[in-house]
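These notes are about the structure you will find just below.
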DNA sequence: AATTCACATAGCTATAGAGCTATGCATAGA
DNA sequence: TCTATGCATAGCTCTATAGCTATGTGAATT
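Residue numbers (the numbering used here), protein chains in the order written: chain A, 6 to 112; chain B, 6 to 112.
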C-alpha cells in the first residue's frame, strides 16, 4: 500500500489533473461544467480526474441541485511540504557536518 | 513541452525513483552498486532511474575509475517548493525560510 | 409524466513507462 | 594482453492509466 507521499506525487504528476487542482486553488469553487470548459478534455475525463483528486484528499465537493461544486483542500499538501523540508534538512545537515569537519581540520 | 513542475512531479511520482533520491539525500553520495543493493530492482533499472533523475536535475554524478558516484542536487526542488507555496498561500511564511535556504545553496 | 440538463459510471483503446535479460564499453587488476 | 568488474544501453514485455464514446442517474423544467 502506497504512503501519503506516493498518492500525492502520483496524483499531481498528471498535467491535466494538476491544472484542475491549480484552477481550484486560484479561482476557488467551480462546477464540473465550468472546469470542463477550459480543461481541454471531455467532461467524463474531468469527472474522473476530480474523483482521483478527491481520493487523494486534495479536493472536496458540495452538491447543489444537479450541479457539483468542487474546491481545493489545501491541507492535503502538508505531507508534500514535510517531505520537501525533510529532504532539504538532510542535505543541510550534511553540509553543516562537512563545514564542521573542515573547521576542525583547519586548526 | 512540459514545464519544470511537470518534470519534477513526474520524476518523483515513481516510488523506486523517489526512494533512490531520498537515499541520496539522507546518506549522501553513493555508487550505482551501493544503490542497487537495497533498491529492490536490478542494476540496469537503477541506472535508468538515475538517468531520469539526472535529466530532471535532481542528481549529479562523478566518475571515479569504473565507478559512478551519484549525489542529490537539492536546488532542483525549488520549483516544487515554489509551486506548493503558490498553491498554499497562507503557508507562505512557513516556507520563506526554506526557499531562501535553497536559493543560497543552489549552485 | 416527459424532457432536459449536470454529472457520474462503464467499457474500450492506445500509449507511456517500469521492469526484466542480454550485451556493450570502459577501467582495474592479473 | 587477457579477464573481471562496474555501469550504461538495447530491446523486449506487461501493466497502469489517460483519453474517448455511450449510457446511467438524479434533479430541474415544462
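All C-beta atoms in this analysis are idealised placements derived from N, C-alpha and C, irrespective of residue type, glycine included.
Treat the numbers as computed from the prediction; the structure is a model and nothing was measured.
For residue 35 of chain A, which residues does DSSP report across the bridge?
A:75
Please report the residue range of the beta strand (DSSP E) in which residue 67 of chain B lies.
64-69
Among A:86, A:91, A:93 and A:92, nearest to residue 90 of chain B - alpha-carbon criterion:
A:86
List the whole-angstrom C-beta distance separating residue 36 of chain A from residue 74 of chain A, where the pair is believed to meet the contact cut-off of C-beta under 8 Å.
6 Å
Alpha carbon of residue 27 of chain B to alpha carbon of residue 60 of chain B, nearest angstrom
17 Å
When the Cα atoms are used, what is the spatial distance from residue 76 of chain B to residue 8 of chain A?
24 Å
Interface partners of residue 39 of chain B on chain A, CB under 8 Å
What residue 39 of chain B touches in chain A: nothing, since even the nearest Cβ is about 16 Å away.
Is there a Cβ from chain B that is less than 8 Å from the Cβ of residue 134 of chain A?
No answer is possible for residue 134 of chain A: the residues shown for chain A start at 6 and end at 112.
Closest to residue 84 of chain B by CA distance: which of B:31, B:62 and B:34 is it?
B:62
Would DSSP call residue 8 of chain A helix, strand or coil?
coil
For residue 13 of chain A and residue 54 of chain B, I'd like the C-alpha separation in whole angstroms.
20 Å
Hey, how far is the Cα of residue 99 of chain A from the Cα of residue 78 of chain A?
35 Å
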